[in-house]
Each structure stands twice: as C-alpha cells, then as structure tokens.
Amino acid sequence: MENMRDAFGKALTRLAGQRDDFVVLDADVAGGTGTHHFRAAYPDRFIQCAIAEQNMFSMAAGLASTGVIPIVTCYGVFASMRALEQARNSIAYPGFKVIIAASHLGLDVGPDGATHQALEDIAIYRAVPGIQVVSPADPHELASVLPRLLDGDSPVYLRTGRSPLPDVFAPDTAFDHGRAQVLHEGRDTAILAVGVMVHRAVAAARRLQDEGVGCRVLNMSWLKPMDEAAVLAAARETGALVTCEDHNKYGGLGGAVAEIVGEGHPVPLRRVAIQDVYGESGDPDDLAAKYGLTTDHIMAAVRAVLRRKG
Numbered sequence: 001m002e003n004m005r006d007a008f009g010k011a012l013t014r015l016a017g018q019r020d021d022f023v024v025l026d027a028d029v030a031g032g033t034g035t036h037h038f039r040a041a042y043p044d045r046f047i048q049c050a051i052a053e054q055n056m057f058s059m060a061a062g063l064a065s066t067g068v069i070p071i072v073t074c075y076g077v078f079a080s081m082r083a084l085e086q087a088r089n090s091i092a093y094p095g096f097k098v099i100i101a102a103s104h105l106g107l108d109v110g111p112d113g114a115t116h117q118a119l120e121d122i123a124i125y126r127a128v129p130g131i132q133v134v135s136p137a138d139p140h141e142l143a144s145v146l147p148r149l150l151d152g153d154s155p156v157y158l159r160t161g162r163s164p165l166p167d168v169f170a171p172d173t174a175f176d177h178g179r180a181q182v183l184h185e186g187r188d189t190a191i192l193a194v195g196v197m198v199h200r201a202v203a204a205a206r207r208l209q210d211e212g213v214g215c216r217v218l219n220m221s222w223l224k225p226m227d228e229a230a231v232l233a234a235a236r237e238t239g240a241l242v243t244c245e246d247h248n249k250y251g252g253l254g255g256a257v258a259e260i261v262g263e264g265h266p267v268p269l270r271r272v273a274i275q276d277v278y279g280e281s282g283d284p285d286d287l288a289a290k291y292g293l294t295t296d297h298i299m300a301a302v303r304a305v306l307r308r309k310g
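Numbering (UniProt numbering), first residue to last: 1 to 310.
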C-alpha cells in the first residue's frame, strides 16, 4: 500500500517531466502533503508561501491570471476554512484554473487529532459555485486524474489524503473521469462510497454476497459535478442506497445523493458517516471503528436499509 500524499507528490513529479505549464505552491507542509518529492526534483517550480494559506490562495489567483496553472497544497481544514474567502472570491468567482490539493481528510488523519481532521470540506466546497470537487479512491486513480484536471478549464478542490490505502484499481485501469465507477455488481442495494471508504465498501459487498445479498458498489470520486445518472440508475434498479464517507453526515456525499434521489427517484437511504461530532487523536483504524466507519458498519447499514426496502 502506498500512502496518498506520497502518491500525489510522485505523480506531480512525473507530470512535471512531461509538461511545464504548472507550478506548486506550499504552505510549509511539503512533508505532510507529499510535495517534497516535487520540491527536490523541480525547486524552480516550487513556491514556498509559509504558513499563510490566505496569501497563498491569492498568489495562486494572480499566477492563474497569467496562464500558469497553480497547484496549491495544504491541509484540508485550512484549505476549506482558513482560505475559503480567497478560494471563493479570488479563484472560483473569476473562474481561474487553480487546483486546490488538500491532504489530511477526515478521521483518516489519525494522530493529528480534531484540529487537523477535515470533516466538513466536501460540504463547504460543494456549496461554492463554479468549483469542482474530486476525491480519488486510491493512488492509481489519483495519478490518473491529475492530467485531466490540468487539462480542464475550471478550478478544482482535489482531496488527496494522508494514510496508505489499499489498491482499489489496477495500475493500468482506464478511467472514465467524471463518471461513477461500478466496482461490484448487485441488485438488492447500492453502496455509494468515496475516498478511504471505497475499499471498505467493496469488502462489505463481497462479504454480503456470501450471505446472499447483492450490492452494487459505486466509486463516487467526482463529488461535484456528480454523476447523477448513475445515482438515479442505482436507485431505480436496486431500490435502496447506502452512502459511505469519512466526513460529517451533513452536506457531504450522503447529502448530495439525498438531493438527487429526493428529486428524481426517492428510495430508502442510509448514511455511513461521522455523526456530527469531532474526532480525536488515535490510529486511523481505531478511529474508524469507534466512529462507525468500518466494513462491519457498512454491512449493518445495508441490512438496515434492506429492512426498510421490505
């Protein structure tokens, strides 16, 4: 398993050898975001902004106005709260192409504790007009999506991560970026997952299959714009949904899915998420167990939603 921050830094370094249209901005956390790999290889394209995220975002807007693509890197809590005004008014409002790459997401941050665990970032950036929100499921998807984002024409909030993640995809996977990926087939219910929860959702579906329960699993890495057609198809064809995210239950993946099915095809829905509380310092797996984010919790949610489905 490779941790997501190193995967991000190494992918940026490979891309820099292929194209010279982007620079990396850092808020004195290159070791925490994985961009130290890029800094070592391309110091002339690495801009140290120190612990001044608001200034860094404003600088990124200025660079974007000249045609350079800035990739700003910091922790999710600071990208989504400390520098939100600059992200909204200086980047998203004028439509500058800036990639905001945020690490340290949810309880998966582990020992850094509540102040550094971004539990609200999906909800915050989903509400900012004109900005995309992307959260890859493993290092392979993260590396694959970066060129697509660099070639796009919109600002992006990219959730990278911190801890090691099991491979969900093979290294040579051909991604249809922007679309939800079906990772497991089933017609009894659908599990829609994002980020660290994707590999847990696949594990839950495989174990439930042994019990005679068929679960479709969707990787919902594109949180905005969301693949609404895939969500509605899952609702129509299975009749029950479970969403899984390492994020507060309000405003994240579960909220987005509820909005779509509420308007298009209402079905029973259960949300596996953080229950509107702050986390604490600890091992990521222990925190997932304490706060209800494990494979067993996903399986329990599937059983509960199937009871409602009848």
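In this text, a Cβ means the ideal position worked out from N, Cα and C, and glycines have one as well.
- Boundaries of the beta strand (DSSP E) around residue 100: 99-103.
- Per DSSP, residue 26 is not a residue of any alpha helix (DSSP H); the beta strand (DSSP E) it occupies stretches across 22-26.
- Assignment of residue 78 by DSSP, reduced to helix, strand and coil, places it in the helix class.
- Around residue 264, the same chain offers 232 as residues with beta carbons nearer than 7 Å, after the five sequence neighbours per side are excluded.
- In its chain, beyond the 5 residues on either side, 25, 27, 49 and 72 have a beta carbon closer than 6 Å to the beta carbon of residue 56.
- When beta bridges are read from the DSSP output, residue 157 appears opposite 100 and 133.
- One Cα belongs to residue 191, the other to residue 208, and the distance between them is close to 12 Å.
- Beyond the five residues adjoining it in sequence on each side, residue 305 comes within less than 8 Å, by CB distance, of 189, 240, 241, 242, 268, 269 and 270 in the same chain, given in chain order.
- Judged by DSSP secondary structure, residue 297 falls outside any beta strand (DSSP E) and instead within the alpha helix (DSSP H) spanning 295-309.
- In terms of Cα proximity to residue 168, the closest of 132, 95, 118 and 220 is 220.
- The beta carbon of residue 91 is closer than 6 Å to those of 61, 98 and 155 in its chain, skipping five residues each way along the sequence.
- Nearest to residue 226 by C-alpha distance, out of 291, 279, 248 and 122, is 122.
- Contact annotation, residue 16 with residue 41: C-beta distance approximately 7 Å; criterion of less than 8 Å satisfied.
- The region 71-90 makes no contact with the region 134-142, as fewer than three CB pairs between them are under 8 Å.
- Of the other Cβ atoms in all chains shown, 16 or more fall within 10 Å of the Cβ of residue 86; this residue is therefore buried.
- Using a 10 angstroms sphere on the CB of residue 278, the tally of other CB atoms stays under 16, which defines it as exposed.
- Ranked by Cα distance from residue 13, the options 177, 129 and 45 are led by 45.
- When C-alpha distances from residue 109 are compared across 247, 37 and 100, the shortest belongs to 247.
- Residue 187 holds the alpha-carbon nearest to the alpha-carbon of residue 302 among 224, 251, 187 and 150.
- In terms of Cα proximity to residue 30, the closest of 20, 9 and 175 is 9.
- Residue environment for residue 18: exposed (fewer than 16 other C-beta atoms within 10 angstroms of its C-beta).
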